[in-house]
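Protein sequence lines, in the order shown, are assigned to chains A and B. Here my numbering is used: the first residue of the first sequence is 53, the next is one more, and so on. Here my numbering is used: the first residue of the second sequence is 4, the next is one more, and so on. Please read the structure below before turning to the comments.
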Amino acid sequence: MNEYPVRTSELKSLQVISVSESSIIQAGDRSEVYARLQTISVQRELDNTVAGEAHFSSYPIFKRPWPFDIQEPAPLPVEVTTRNLSPCIQVCSVDIIAVSSAALILIGNGKVSRAESRIKHIRQFAAPSLSAILNSPQPPATEQ
Amino acid sequence: VQLNVTNHKLCVGKIEATGIAAAAMLQIGDTEQVTLYSMFDTPLESVVAGPLAPLGPPDETE
């Protein structure tokens with residue numbers, strides 16, 4: 053049986069509507085990828101010129117270390133030998149609506165893939181001010 | 004440790020996905036090492052109903 057050192061990726065159809073925020077779509081082989089995203093997602097009633105900007109340094113989520121790191125070599129070395137008996141990776145169709153926040157899509161072979169995403173989500177809603185509440189007409193007291 | 008991998012045919016018919024998000028990965032093929040990290044934080048101030056206070060000032064020590 054023939055052996056193939058590298059497999060070709062054959063992709064018939066790939067439909068993606070939206071790719072955003074440090075995301076990668078790739079067909080073919082690659083060595084290393086490092087996708088990284090930091091986001092402060094703010095939903096509020098005033099724009100930044102009035103209510104001020106948000107700063108990454110105000111929030112510890114952007115500074116705290118990852119719980120563990122597997123970059124260190126494994127205690128037991130593993131020697132991997134791969135034989136490819138088929139010349140290609142065949143894919144008929146891939147349909148995806150959205151890819152976002154450091155997500156990776158790869159049709160083919162990869163070596164080292166690393167993706168990091170840190171998202172801070174804040175919503176601020178305006179409430180009526182104290183003076184507006186005090187000046188508003190009082191509702192009639194209900195009789196017991 | 005010796006690990007021998009033999010790849011035969013890799014054929015995919017159809018994949019349908021709504022969303023792939025927050026350091027997620029979809030791969031059709033081989034890989035050696037994958038590291039995916041995601042932090043998502045909705046803090047106490049994530050819903051602030053009140054006079055629109057500015058967001059916290061940047062840390063002076065930075």
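Positions of the beta carbon are idealized from the N, C-alpha and C atoms, including for glycine. Please read all numbers here as calculations on a predicted model, not as lab measurements.
The residue among A/A106, A/S61 and A/P139 with its C-alpha nearest the C-alpha of A/Q78 is A/S61. Three or more beta-carbon pairs separated by less than 8 angstroms are not found between the segment 63–80 of chain A and the segment 93–108 of chain A, which leaves the two stretches without contact. Short of 6 angstroms from the beta carbon of A/V143, and not among the five residues preceding or following it, lie these beta carbons of its own chain, in chain order: L63 and I159. From the beta-carbon of A/V58, no residue of chain B is found nearer than 7 angstroms; the closest lies around 11 angstroms away. Residue burial annotation: B/M28 is buried, with at least 16 other C-beta atoms found within 10 angstroms of its C-beta.
Contact of A/T134 with chain B is assigned, a C-beta pair being separated by under 8 angstroms. Against chain B, a Cβ distance below 9 angstroms from A/D147 picks out K17, I18, E19 and A20. A/N100 carries a helical assignment under DSSP once its states are collapsed to helix, strand and coil. In terms of Cα proximity to B/I31, the closest of A/Q90, A/L66 and A/S72 is A/L66. Considered as a whole, the segment 16–42 of chain B harbours 28–31 as its complete beta strand (DSSP E) runs of no fewer than 3 residues, in chain order.
Under DSSP, the beta-bridge partners assigned to B/N7 are A/T133. For the segment 62–84 of chain A, the beta-carbon criterion of a distance under 7 angstroms to any beta-carbon of chain B is satisfied by none of its residues. Within the DSSP bridge table, the entry for B/D44 names A/K172 as partners. The beta carbon of A/N161 lies closer than 6 angstroms to those of D81 in the same chain, with the five residues before and after it left out. Beta-bridge analysis with DSSP links A/A79 to A/I159. Listed in chain order, the non-local C-beta contacts of A/I148 below 6 angstroms within the same chain comprise V68, local neighbours out to five positions each way being set aside. For A/N161, the residues of chain B that pass the 8 angstroms Cβ criterion are G32, D33 and T34, in the order they occur in the chain. Shown here for B/V4: not one same chain residue has a beta carbon closer than 8 angstroms to its own, the five before and five after excluded. If you check the CB distance, A/S152 and A/S75 come in under 8 angstroms.
Following the DSSP letters along the chain, one finds A/E62 inside the beta strand (DSSP E) bounded by residues T60 to V71. A/S145 sits in a strand when the DSSP states are folded into three classes.
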